[in-house]
Amino acid sequence: MEAVSSHPGSTAASYTVSCASDHEESTFLKRNYHLRWAQLALSVVCFGSALAIIGCEAVPFQHYRSTSGYEEAGLALWPLNFDLRPTIAILSSGCVIAVLNLIYIVAVLVPSPRSHIRRLNILASGTAVAGLIAAAAGVGFAIYLPQSTYPSGFSHNETLHSWTCKWKAMRNVTSSENASLHAPTHFERDCRETQAGFVLLALLIGLEVVGGAVGVFGVWLERSVSRQRSYGVQVEKWKRTTSYSMGKKIECYLDCVSPYSFYAFTYLQQNADALASLGVEIEYEPPLSRKKKHNLTWPRYIPVFLGGINVGSGNKPPWTLPAKAAYSTYDGKRAQKYFGHDFEVPAFFPILSLLPQRALTYIKRQHAHKLIPAFRACFETMWNGQLDISKPENLAKALGRIFSDAEVGEILAAATSPEIKKELTATTARVVNELGAFGCPWFWVTNGEGKSEPFFGSDRFHFMWDFLELPHEDLRLRVEGKAKL
Numbered sequence: 006m007e008a009v010s011s012h013p014g015s016t017a018a019s020y021t022v023s024c025a026s027d028h029e030e031s032t033f034l035k036r037n038y039h040l041r042w043a044q045l046a047l048s049v050v051c052f053g054s055a056l057a058i059i060g061c062e063a064v065p066f067q068h069y070r071s072t073s074g075y076e077e078a079g080l081a082l083w084p085l086n087f088d089l090r091p092t093i094a095i096l097s098s099g100c101v102i103a104v105l106n107l108i109y110i111v112a113v114l115v116p117s118p119r120s121h122i123r124r125l126n127i128l129a130s131g132t133a134v135a136g137l138i139a140a141a142a143g144v145g146f147a148i149y150l151p152q153s154t155y156p157s158g159f160s161h162n163e164t165l166h167s168w169t170c171k172w173k174a175m176r177n178v179t180s181s182e183n184a185s186l187h188a189p190t191h192f193e194r195d196c197r198e199t200q201a202g203f204v205l206l207a208l209l210i211g212l213e214v215v216g217g218a219v220g221v222f223g224v225w226l227e228r229s230v231s232r233q234r235s236y237g238v239q240v241e242k243w244k245r246t247t248s249y250s251m252g253k254k255i256e257c258y259l260d261c262v263s264p265y266s267f268y269a270f271t272y273l274q275q276n277a278d279a280l281a282s283l284g285v286e287i288e289y290e291p292p293l294s295r296k297k298k299h300n301l302t303w304p305r306y307i308p309v310f311l312g313g314i315n316v317g318s319g320n321k322p323p324w325t326l327p328a329k330a331a332y333s334t335y336d337g338k339r340a341q342k343y344f345g346h347d348f349e350v351p352a353f354f355p356i357l358s359l360l361p362q363r364a365l366t367y368i369k370r371q372h373a374h375k376l377i378p379a380f381r382a383c384f385e386t387m388w389n390g391q392l393d394i395s396k397p398e399n400l401a402k403a404l405g406r407i408f409s410d411a412e413v414g415e416i417l418a419a420a421t422s423p424e425i426k427k428e429l430t431a432t433t434a435r436v437v438n439e440l441g442a443f444g445c446p447w448f449w450v451t452n453g454e455g456k457s458e459p460f461f462g463s464d465r466f467h468f469m470w471d472f473l474e475l476p477h478e479d480l481r482l483r484v485e486g487k488a489k490l
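If you want my numbering, it's the position in the sequence shown, counting the first as 1, plus 5.
The following block contains the structure:
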């Protein structure tokens, strides 16, 4: 979508391409609008305060410069141990803060045809940080005056503030010769103004801290929505480069105890790139964020419990029926040859596959980018490696090919948790009750028109390709030469 810049005072609309969701984009724009006005208000207050500081320090400083020459006529108003460094420090701090905030105010108010949200947030943060340093330096210099060489007979220096304030209460002092002494009329005012300048500079420290916090929050907010936009752009690019088609999807429900699930898994993995290039979405959550490392061609494999499917659907495993069991010895060898496998049915077959399926359920939730390698490791360990992965020590060996020892421990512990048990049970019940499953592998396929149908087994892919209207080569007999007439 296109997002309008919330640029205070802008007369030209500013747009930026955004692929974040409408809700996220709207929330960001509202927050940024309020943040921008808050930053502008704080900058105006800081600018005004800085001007006040300059005025409070500049007027007494000018009084000093205009009267410091009186001592040549024997009318010295200022002591020999007079030190102007605190006044100059506060005056300089005020000038720095005023200039910084003026630059920010101009940057915000000048209309721009493009959005500069990030730059303005960075400028606001930099202005606040630099202003904070300047204010703290001015206050620190005024309080902790660096050592200097005192004039002979003095142990400390007098500042513009300290000297004028010593005389501000003087109204009429009579000398021994009955001559009246009066403090200069501007001393009392100079005292108040230098005091006000110092207080304002101290208050500016707090204002700059608030301004910096607002600026940093703005930078964080902008970076957060930028990540969403970048993720959206990557998704859009992925959709274009893979001829993405809304609606063409494949869900594949597998159990490690089923050799036909192993065959289907192998076949889909071999054809995953081709399916993606033909516009079939075999994974709902596409790609590429730092937190969600999804591969473009990952099929959507979903762990289920085949035993639960058989019970829920009233089906019986083929090995429980003598005729089916006898036929399976032939069918299994034929399937292995076709799909490129060569293994013997393990002596411990069949197994109760609850533990590995629960482990895969947890992996799908917490380590989605490793689900395919985990499925492959479980299939290969059981069928090629002849290890009973229903036993924790063997399942640990399988998962240890993909995960660290700590992660394996985490997965095995989670696999026995009530939450994961309930999730696998719920998924199995859903595929039976809602998708009509009676075995594994079970597929739920949606074509380009949004129509969905179930497919069963590892030998129905040509039907699936027809349903998805994908170009493929059907099984045909090849005749050598031509028939004789």
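Even for Gly, the Cβ is constructed at its ideal location relative to N, Cα and C.
Note to self: Considering only the alpha carbon of each residue, which of Gln200, Arg483 and Gly211 lies closest to Gly60?
What the structure shows: Mapped onto the sequence shown, residue 60 falls at position 55. That would be Gln200, whose Cα lies nearest to the Cα of Gly60.
Margin query: Checking the sheet assignment: what are the DSSP bridge partners for Cys257?
Written below: On the sequence shown, position 252 is the one that residue 257 refers to. As computed with DSSP, Cys257 is found in a beta bridge with Tyr306 and Phe448.
Item checked: Where His166 falls, given that 16 or more other Cβ within 10 Å makes a residue buried -> As a working mapping, residue 166 is identified with position 161 in the sequence shown. The residue in question, His166, is buried, as its Cβ has 16 or more Cβ neighbours within 10 Å.
Note to self: If I measure Cβ to Cβ from Ser48 and keep anything under 8 Å in the same chain, skipping five residues before and after, which residues do I get?
What the structure shows: Numbered from its first residue, the sequence shown carries residue 48 at position 43. These residues qualify, in order along the chain: Asn106, Tyr109, Ile110, Val113, Ala129, Thr132 and Gly216.
Notebook entry, point to check: How many angstroms separate the CA atom of His477 from the CA atom of Asp471?
Noted result: Numbered from 1 along the sequence shown, position 472 holds the residue referred to as residue 477. Numbered from 1 along the sequence shown, position 466 holds the residue referred to as residue 471. So the alpha carbons of these two residues sit roughly 8 Å apart.
Check: How about Thr433 and Ile314: do their beta carbons lie closer than 8 Å?
Finding: Within the sequence shown, the letter at position 428 stands for residue 433. Within the sequence shown, the letter at position 309 stands for residue 314. Yes, the pair counts as a contact, with Cβ atoms nearer than the cut-off.
Checklist line | Residue(s) in a DSSP beta bridge with Asp88 | finding: Locating residue 88 in the sequence shown gives position 83, counting from the first residue. Asp88 is bridged to Thr164.
Check: Can you tell me where the beta strand (DSSP E) with Glu412 in it begins and where it stops?
Finding: As a first step, residue 412 is located in the sequence shown; it is residue number 407 there, counting from the start. Membership of Glu412 in any beta strand (DSSP E) is not indicated; the residue belongs instead to the alpha helix (DSSP H) covering Asp410 to Ala420.
Item checked: Residue of Val437, Ile148, Glu398 and Ala43 minimising C-alpha distance to Ala218 -> Locating residue 218 in the sequence shown gives position 213, counting from the first residue. For the residues Val437, Ile148, Glu398 and Ala43, the minimum Cα distance to Ala218 belongs to Ala43.
Notebook entry, point to check: Taking C-alpha atoms, which residue in Arg481, Asn452, Thr32 and His467 lies nearest to Val230?
Noted result: For the purposes of this step, residue 230 is identified with residue 225 of the sequence shown, where counting begins at 1. Selected option, being the one with the closest Cα: Thr32.
Next item on the list: Can you say whether Leu400 is buried or exposed, counting buried as having 16 or more other CB atoms within 10 angstroms of its CB?
Entry: The residue you call residue 400 lines up with position 395 of the sequence shown. That one is buried.
Next item on the list: Could you check what DSSP says for Pro459 in three-state terms: helix, strand or coil?
Entry: Looking up residue 459 in the sequence shown gives position 454. Here Pro459 sits in strand by DSSP.
Next item on the list: In the DSSP assignment, find the unbroken alpha helix (DSSP H) run with Gln391 in it and report its ends.
Entry: Residue 391 sits at position 386 when you count from the first residue of the sequence shown. No alpha helix (DSSP H) holds Gln391; DSSP gives it neither H nor E.
Margin query: Would the region 88–103 count as touching the region 132–148 if we require 3 or more Cβ pairs under 8 Å?
Written below: With a cut-off of 8 Å, the region 132–148 and the region 88–103 count as touching, because enough Cβ pairs lie within range.
Checklist line | Below-8 Å beta-carbon distance, Arg90 vs any chain D residue | finding: You won't find chain D in this structure, because it holds only one protein chain.
Next item on the list: Ignore the nearest five residues each way along the sequence and tell me which others in Leu283's own chain have a CB closer than 6 Å to its CB.
Entry: By one-based count along the sequence shown, residue 283 stands at place 278. If the five residues before and after Leu283 are omitted, its C-beta is found closer than 6 Å to the C-beta atoms of Leu475, all from its own chain and listed in chain order.
Item checked: Sub-8 Å separation of Tyr306 and Cys261 beta-carbons -> For this step, residue 306 is matched to residue 301 along the sequence shown. For this step, residue 261 is matched to residue 256 along the sequence shown. Result no, Cβ atoms of Tyr306 and Cys261 do not sit closer than 8 Å.
Note to self: Tell me the residue span of the alpha helix (DSSP H) that contains Ser263.
What the structure shows: In the sequence shown, counting from the first residue as 1, residue 263 sits at position 258. Counting along the chain, Ser263 falls outside any alpha helix (DSSP H), and DSSP gives it neither H nor E.
Next item on the list: Taking only the alpha-carbon atoms, compute the straight-line gap between Leu417 and Pro397 and give it to the nearest angstrom.
Entry: Taking the sequence shown and counting its residues from 1, one reaches residue 417 at position 412. Taking the sequence shown and counting its residues from 1, one reaches residue 397 at position 392. Going by the C-alpha atoms only, they are around 7 Å apart.
Item checked: Nearest-angstrom Cβ-Cβ length linking Ser395 and Ser358, presumed shorter than 8 Å -> Residue numbering aside, residue 395 sits at position 390 when the sequence shown is read from its first letter. Residue numbering aside, residue 358 sits at position 353 when the sequence shown is read from its first letter. Yes, Ser395 and Ser358 are in contact; Cβ-Cβ is about 6 Å, under 8 Å.
Check: Does the Cβ of Pro446 have 16 or more other Cβ atoms within 10 Å, making it buried, or fewer, making it exposed?
Finding: Translated into the one-based positions of the sequence shown, residue 446 becomes position 441. So Pro446 ends up on the buried side.
Checklist line | Rounded straight-line distance, which links the Cα of Lys338 to that of Tyr332 | finding: By 1-based counting over the sequence shown, the position of residue 332 is 327. By 1-based counting over the sequence shown, the position of residue 338 is 333. Here the alpha carbons of Lys338 and Tyr332 stand approximately 10 Å from one another.
Note to self: Am I right that Pro459 and Leu440 are in contact with their C-beta atoms under 8 Å? What's the rounded C-beta distance?
What the structure shows: Position 454 of the sequence shown holds residue 459. Position 435 of the sequence shown holds residue 440. Contact holds; Cβ gap of about 6 Å.
Note to self: Going by DSSP in three states, Arg465 sits in which element: helix, strand or coil?
What the structure shows: Taking the sequence shown and counting its residues from 1, the one referred to as residue 465 is at position 460. Here Arg465 sits in coil by DSSP.
Notebook entry, point to check: DSSP three-state call for Trp83: helix, strand or coil?
Noted result: In the sequence shown, residue 83 corresponds to position 78, counting from 1. Coil at Trp83, not helix or strand.
Notebook entry, point to check: Taking the alpha-carbon positions, what's the Leu473 to Arg232 distance?
Noted result: For this step, residue 473 is matched to residue 468 along the sequence shown. For this step, residue 232 is matched to residue 227 along the sequence shown. Rounded to whole angstroms, Leu473 to Arg232 spans 34 Å at the Cα level.
Notebook entry, point to check: Which residue from Leu404, Ile210, Met469 and Cys196 puts its Cα closest to that of Ala139?
Noted result: In the sequence shown, residue 139 corresponds to position 134, counting from 1. Per the Cα distances, Ile210.
Item checked: Cβ neighbour criterion (16 or more within 10 Å) applied to Val484 -> Taking the first residue of the sequence shown as 1, we reach residue 484 at position 479. Exposed is the call here.
Next item on the list: Leaving out five residues on either side along the sequence, give the residues of the same chain with a beta carbon under 8 Å from the beta carbon of Leu482.
Entry: Residue 482 sits at position 477 when you count from the first residue of the sequence shown. There are no such residues.
Notebook entry, point to check: Between Gln362 and Phe443, which are expected to be in contact by the criterion C-beta below 8 Å, what is the C-beta distance as a whole number of angstroms?
Noted result: Counting from 1 along the sequence shown, the entry for residue 362 is found at position 357. Counting from 1 along the sequence shown, the entry for residue 443 is found at position 438. Between Gln362 and Phe443 the beta-carbon gap is near 17 Å, outside 8 Å, which marks them as no contact.
Margin query: Helix, strand or coil for Lys338? Go by DSSP, reduced to three states.
Written below: On the sequence shown, residue 338 is found 333 positions in, with the first residue counted as 1. Of the three classes helix, strand and coil, the one that applies to Lys338 here is helix, per DSSP.
Checklist line | Pairwise C-alpha distance: Tyr272 and His299 | finding: The sequence position of residue 299 within the sequence shown is 294, counting from 1. The sequence position of residue 272 within the sequence shown is 267, counting from 1. Only weak support is given to the placement of His299: the predicted model assigns it a pLDDT of 37, under 50, and the value that follows is read from those uncertain coordinates. Between His299 and Tyr272, the alpha-carbon positions lie close to 20 Å from each other.
Check: In or out: Thr451 buried (at least 16 other Cβ within 10 Å) or exposed?
Finding: Working through the sequence shown from its first residue, we reach residue 451 at position 446. Per the 10 Å Cβ criterion, buried.
Margin query: Closest to Phe354 by C-alpha separation, out of Thr325, Phe87 and Leu40, would be which residue?
Written below: Position 349 of the sequence shown, counted from the first residue, corresponds to residue 354. Minimum Cα distance to Phe354 is reached at Thr325.
Checklist line | Run of the alpha helix (DSSP H) containing Pro361, from where it starts to where it stops | finding: As a first step, residue 361 must be located in the sequence shown, where it is residue number 356. Run containing Pro361: Leu359 to Gln371, per the alpha helix (DSSP H) assignment.
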